[in-house]
Amino acid sequence: MLFDNDADALLFRARMSIAIFAVALVFLVYFAAGRMFGPAAAVMALVLVVFEPNVLANGPIVGTDMALACCFFGAVYAFYRYTGEPSIPRLLLCGLAAGLTLSVKHSGLLIAPVLCLLVAVEFFQPAVPSSSSRWRRMLRLASALVVIGVVAWTVLWACYGFRSAARPEGLAMTPTLSEFSAVFGPAAAVPTAIAESGVVPEAYVFGLIDVVLASIGRPMFLFGEVYPHGRWFYFPTAFLIKSTLGFLFLITLVPFAGLIRDRARRRTALFLLLPAGFYLMMSMSSNLNIGYRHALPVLPFAVVLAAAGAQRLASRGQLGAACVSAALFLHVGSSLFAFPNYLAYSNEAWGGPLETHRHLTDSSVDWGQDVKRAGEYLAEHGVTECWSALTIATFIDLDYYGLRCKPLPSFMDALFPPTVPRTTPVVLRGPILVGSTELSGVHWGPGELNPYKLFQETAPAAVIGGSILIFEGTFESPRLAGESRAAIVQGLLGEDRIDEALHSAQEAVELAPRSVRLRYLLAAALDRSERAGEAEAQRTEGLRLADELYPNRSIVWEYMALMHLQAMP
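Quick note, the sequence shown lines up with residues 148 to 716 if you use my numbering.
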């Protein structure tokens, strides 16, 4: 049977298939640095990328971010080779890489404007002597872009099996594309029109519309503060936190390496600076600040630039060579010292992996990667009774990993109600395992809105991998006791057991009267009991509390709060 399969074996195979892109990226960075700046730069780039904590962290994760970083960099490098030495094979290879970039993740669409920017770079190259020659070159490159676009479009269709419909054999999607896009209003008009034209597969457009939803943004966590939506400084700050000090030192050398001033190197430098700068700029303008991984395509360009700067410094004398050697040694040493906590990595200036949760959260720290190690920790310490608040518990069976703790409420419970809801007592006795995402309050809200705030003020007894904190002692939390009843209320409402649902909702609000979410939930139960006036009073009180507890909230936070009501039966 399906559920008798070895989960570890399945995960290992899935990770190996994704790790292919990480290995391919290593080779691409090595060959690109060597082609652009020589063998010394290639070796330095190889050392930087092989020991880069963010590559080691995201390389084996079953997701799309490493694949995008590899394919995006590969497409730009292939275009660099084609523009330098035009040939049909290089042109087709660039089209293939661009098509894979489009296919692995929707943000791969950014490859189109990047290639157009690079065409502009070629137009203004001083090596082209006359205006007429420049325009002939521009016409040839514009034709090349058309060919690349056609090949990429074909590759995209091939990845979807050349099937237009999202489901095979005439089966209908639920909801349909028109119903799905209607939720997002005018923002989804363009993707819907593209789907109806049949230019790209319908399934691709479903994902594209979902990206439109993501562009609305989510709350973010940075330096202990919860923001209602993304901030422009998130990704530059995350880069400073999650890069090794040695790598940061080499990056600072790039402006002083004279790559732009050197006419022989200028074109090469622009092929690295423009794609990285454009992608970083687009990332900074996004409201979706939930992890460093969303800016991962910038990293290979930064690695090659850092290697170029290091090579120039090392060639200027023994002192320069010593500085570069020290930076590379620091880079390698920091990476090895962090093993195996690469997802939660931060450099020594920020306290290392075990302190990253104080500065960042979500996929920069906690993607459930340490659940198995937490189970081993409990077994080693003979723990048989415990509590856990782990966001990942919504999606996996913790018992499989030996983590048999009683569950504490998670923000995700409202969207994905647990099959067996449990109430939490007012008084909890450790050990209590709290994931860094729940601890941060990024989903709950800042300050008093976060039921795990009491743990923020308590030193953990242990930290597992940087993402799971273990607290010992006795804790009194009526707020957690109240929040645990939310899933029960949702389940009762789904079964049309209205009176019981209303009683549980009232009990929950009595335990946690300042919970905005529980006020909304009680209002929903009152609505179902046909007590509209009382329901409106609860919603009004919920908004009043939100104004008091989170005066800087935005429509994004309200949207996240109201999602819980939409998710209820």
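Even glycine gets a Cβ: it sits at the ideal position worked out from N, Cα and C.
Review point. Is the CB-CB distance between residue 717 and residue 572 below 8 Å?
Key: In the structure as shown, the chain starts at 148 and stops at 716, and residue 717 therefore has no counterpart that could be examined.
**Study point:** Helix, strand or coil at residue 491 according to DSSP, with G and I counted as helix
**Key:** coil
**Study point:** Residues of its chain near residue 193, where Cβ-Cβ distance is below 8 Å and the 5 sequence neighbours each way are ignored
**Key:** 173, 176, 177, 180
Exercise for review: Would you list, in sequence order, the uninterrupted alpha helix (DSSP H) runs of no fewer than 4 residues that lie entirely inside the stretch 575-618?
Suggested key: 583-587, 600-603
Practice item. Could you name the residues of the same chain whose beta carbon sits closer than 8 Å to that of residue 152, not counting the 5 residues immediately before and after it, in chain order? Key: none
Point to revise | C-alpha gap between residue 437 and residue 584, whole angstroms | key: 11 Å
Point to revise | Cβ shell of residue 207 (< 7 Å), same chain only, five flanking positions each side left out | key: 162, 165, 166
Review point. Do residue 217 and residue 295 come within 8 Å of each other at the CB atom, strictly closer than that value?
Key: no
Exercise for review: Work out the CA separation of residue 233 and residue 462 for me, nearest whole Å.
Suggested key: 32 Å
Check your understanding: In whole angstroms, what is the alpha-carbon distance linking residue 125 and residue 391?
Key -> Residue numbering for the chain in the displayed model covers 148 to 716; residue 125 lies beyond these limits and cannot be assessed.
Practice item. Leaving aside the five residues before and after residue 224 along the sequence, list all residues of the same chain whose C-beta is less than 7 Å from its C-beta, in chain order. Key: 175, 179
Review point. Taking the alpha-carbon positions, what's the residue 227 to residue 251 distance?
Key: 21 Å
Review point. Is it buried or exposed for residue 474, if we count other Cβ within 10 angstroms and need 16 for buried?
Key: buried
Check your understanding: Is it buried or exposed for residue 256, if we count other Cβ within 10 angstroms and need 16 for buried?
Key -> exposed
Check your understanding: Between residue 594 and residue 505, which are expected to be in contact by the criterion C-beta below 8 Å, what is the C-beta distance as a whole number of angstroms?
Key -> Their Cβ separation, rounded to whole angstroms, is 16 Å, which puts residue 594 and residue 505 out of contact at 8 Å.
**Study point:** Residues of its chain near residue 600, where Cβ-Cβ distance is below 8 Å and the 5 sequence neighbours each way are ignored
**Key:** 588, 594
Check your understanding: Any chance the stretch 619-637 sits against the stretch 654-669, with 3 or more Cβ pairs inside 8 Å?
Key -> yes
Practice item. Mind reading off the beta-carbon distance from residue 618 to residue 608? Whole number of angstroms is fine, and I expect it under 8 Å. Key: 6 Å
Review point. By a C-beta neighbour count over all protein chains shown, 10 Å radius and 16 as the cutoff for buried, is residue 157 buried or exposed?
Key: exposed
Point to revise | Test item: CB-CB of residue 327 and residue 309 under 8 Å | key: no
Check your understanding: From what residue to what residue does the alpha helix (DSSP H) around residue 431 run?
Key -> 410-431
Check your understanding: Which residue's Cα is closest to the Cα of residue 627: 543, 535, 695?
Key -> 535
Practice item. Can you grab the Cα-Cα spacing for the pair residue 282 / residue 205, in whole Å? Key: 43 Å
Check your understanding: Can you tell me whether DSSP reads residue 389 as helix, strand or coil?
Key -> helix
Review point. Taking the alpha-carbon positions, what's the residue 159 to residue 516 distance?
Key: 13 Å
Check your understanding: What did DSSP end up calling residue 462 once you bin it into helix, strand or coil?
Key -> coil
Practice item. Put residue 168 into one of helix, strand or coil per three-state DSSP. Key: helix
Exercise for review: Return the CA-CA distance between residue 304 and residue 443, expressed in angstroms with no decimal places.
Suggested key: 25 Å
Point to revise | Separation of residue 229 from residue 495, as counted between CA atoms | key: 41 Å
Review point. If you draw a straight line from the C-alpha of residue 263 to the C-alpha of residue 183, how long is it?
Key: 21 Å
Check your understanding: Roughly how many angstroms separate the alpha carbons of residue 383 and residue 324, rounded to a whole number?
Key -> 36 Å
Practice item. Could you check what DSSP says for residue 252 in three-state terms: helix, strand or coil? Key: coil
Review point. Quick one, which of 340, 320, 347 has its alpha-carbon nearest residue 297's?
Key: 347
Exercise for review: Return the residue from the list 660, 375, 407 that minimises the CA-CA distance to residue 625.
Suggested key: 660
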